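478 is the number of the first residue of the sequence shown in the working numbering; add one for each residue after it. Don't be surprised by glycine CBs; every beta carbon is placed ideally from N, CA and C. Given the structure is predicted, the values throughout are model-derived calculations rather than measurements.
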Amino acid sequence: MNDSYGRKIQYLRLSVTDLCNYRCVYCMPETGVHKKDHSEILSIEEMTEIVRAAYALDIRKVRLTGGEPLVRKGILTLCRNIKEIDNAIELGVTTNGSLLPAMTKDLKAAGVDRLNISLDSLNPETFSKITRGGNVQNVLNGIRSAQDAGFDNIKINTVLMNGINDKDIFDLIRLTRDNQIHVRFIELMPLGVAKYWNSNRFMTTKAVEGYLHNAELLRIDGVARVYRIAGYKGTIGLICPMSDSFCPSCNKIRVTADGKLKPCLHSHQEIELKGLHGKELEKAITDGILQKPQSHRFGTVGSATERFMNEIGG
Ligand code: SAM
Ligand code: SF4
């Protein structure tokens, strides 16, 4: 259905857990998060119901995120349930990739169409610092296993952080030389932990453009400008939530792991979905779509939401 500003809302991002096996410095507090009681978190059945109700309102694309979606028990059942609603629903998973090696075949068999894998550095030390203890080799193995399992169009998401991974841009671009993957550089947004970061950590995608000498602009793909360097197999995407406004083309709604619909990533506005069923659930989702603001209002204080990114799902 259309929102109040004529945008066709077809995309649901569902955070299936707020827990994660990493503690990325810009996303989660070092101490992790308080583990919520089972009853506070959406069950697999409740999530399936939400997707079914959203489907009735014309949602045709679903992305499972988190926290880390692959630590969520029942994730494969959820994927199968979504595909049973309609096999044509485009089902994606955004993951840190570390647990992929043991799961890619099952994810493929459960109907997952697309994988987005977050990778902020190829340098083992930098990667470990950013994730607070992660091993980059696990993610690289995850990417390889996804390719082997037949996933194509794999997207690598890199959040740009000045003074942290700005020296890694060239190496990440080089991944596209021999691999048919899409590396997307994303501007850090001031929400969650990053809301309190010094402004000199934030950088625009202009820094990446400096490396794209022989690159051709292939297309503008929703919120991303997509380039290919001559002779390279993969592509490079630049996503500029800070230096560009992506709001006019925003077609998303989000649901948190505790069952709140967020019409906009950056708004504090939330609509309770937990405990609702059938037509009541559809009405709450409709209300959420109609309350979607025209645009976010990053002020000098950053995003208006008090949530951490691991709760919303990015
Ligand atoms: N754990 C999974 C992962 O890391 O891909 C899924 C959840 S994570 C919250 C989703 C995406 O949000 C990741 O690509 C992460 O880098 C990004 N992210 C988290 N905090 C962010 C911020 N403040 N600005 C921009 N992107 C952010
Ligand atoms: Fe976990 Fe993803 Fe947040 Fe990193 S970005 S802490 S992997 S949820």
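Could you check if residue i is buried or exposed, using at least 16 other CB atoms within 10 Å of its CB as the buried criterion?
{"i": "Gly711", "result": "buried"}
{"i": "Tyr488", "result": "buried"}
{"i": "Gly790", "result": "buried"}
{"i": "Thr777", "result": "Residue confidence for Thr777 is low, a pLDDT of 45 falling below 50, so the modelled location carries little weight; the figure read from the coordinates is stated next. Exposed, since its Cβ has fewer than 16 Cβ neighbours within 10 Å."}
{"i": "Asn479", "result": "exposed"}
{"i": "His743", "result": "buried"}
{"i": "Thr508", "result": "exposed"}
{"i": "Arg654", "result": "exposed"}
{"i": "Pro601", "result": "exposed"}
{"i": "Glu757", "result": "exposed"}
{"i": "Ser675", "result": "The question names Ser, yet the displayed sequence has Asn at residue 675. Answer is exposed; the Cβ neighbour count stays below 16."}
{"i": "Tyr673", "result": "exposed"}
{"i": "His659", "result": "buried"}
{"i": "Gly708", "result": "exposed"}
{"i": "Lys644", "result": "exposed"}
For residue i, which residues in the same chain have their Cβ closer than 8 Å to its Cβ, ignoring the five residues on either side in sequence?
{"i": "Val548", "result": "Thr494, Leu496, Cys497, Asn498, Leu576"}
{"i": "Tyr532", "result": "Ile562, Asp563, Ile566"}
{"i": "Gly627", "result": "Lys585"}
{"i": "Ile559", "result": "Thr525, Val528, Val539, Ile566, Leu568, Gly588"}
Considering Cα atoms alone, identify which of the options is closest to residue i.
{"i": "Ile518", "options": "Gly765, Val616, Val685, Lys550", "result": "Lys550"}
{"i": "Lys632", "options": "Leu750, Ala701, Asp645", "result": "Ala701"}
{"i": "Glu523", "options": "Ile762, His754, Gln771, Gln768", "result": "His754"}
{"i": "Thr603", "options": "Val502, Tyr482, His690, Ala734", "result": "Val502"}
{"i": "Ile521", "options": "Asp583, Arg537, Leu541, Ile536", "result": "Leu541"}
{"i": "Gly610", "options": "Asp698, Asn639, Arg500, Gly640", "result": "Arg500"}
{"i": "Gly669", "options": "Asp514, Arg784, Gln614, Lys760", "result": "Arg784"}
{"i": "Ala671", "options": "Val570, Leu491, Val636, Gly708", "result": "Val636"}
{"i": "Arg591", "options": "Ile646, Asp764, Asn612, Ile620", "result": "Ile620"}
{"i": "Cys717", "options": "Ser481, Thr733, Val685", "result": "Val685"}
Using a Cβ-Cβ cut-off of 6 Å (strictly less than) and excluding sequence neighbours within five positions of residue i, which residues of its own chain qualify?
{"i": "Ser622", "result": "Leu577, Pro578, Thr581"}
{"i": "Ala587", "result": "Leu553, Cys556, Arg557"}
{"i": "Ile706", "result": "Asn691, Ala692"}
{"i": "Val703", "result": "Leu695, Arg696, Thr712, Gly714"}
{"i": "Arg678", "result": "Met638, Asn639"}
Thinking residue i and residue j are a contact (beta carbons under 8 Å), I'd like their distance in whole angstroms, please.
{"i": "Asn656", "j": "Val616", "result": "The pair is not a contact, with the Cβ atoms about 14 Å apart (cut-off 8 Å)."}
{"i": "Ser720", "j": "Thr682", "result": "7 Å"}
{"i": "Leu750", "j": "Lys739", "result": "That pair is no contact at about 11 Å."}
Beta-carbon within less than 7 Å of residue i's beta-carbon, same chain only, minus the 5 sequence neighbours each way: which residues are those?
{"i": "Asn787", "result": "Asp495, Cys497, Cys504, Met505, Val510, Gly543, Gly544"}
{"i": "Lys485", "result": "Asn479, Asn728"}
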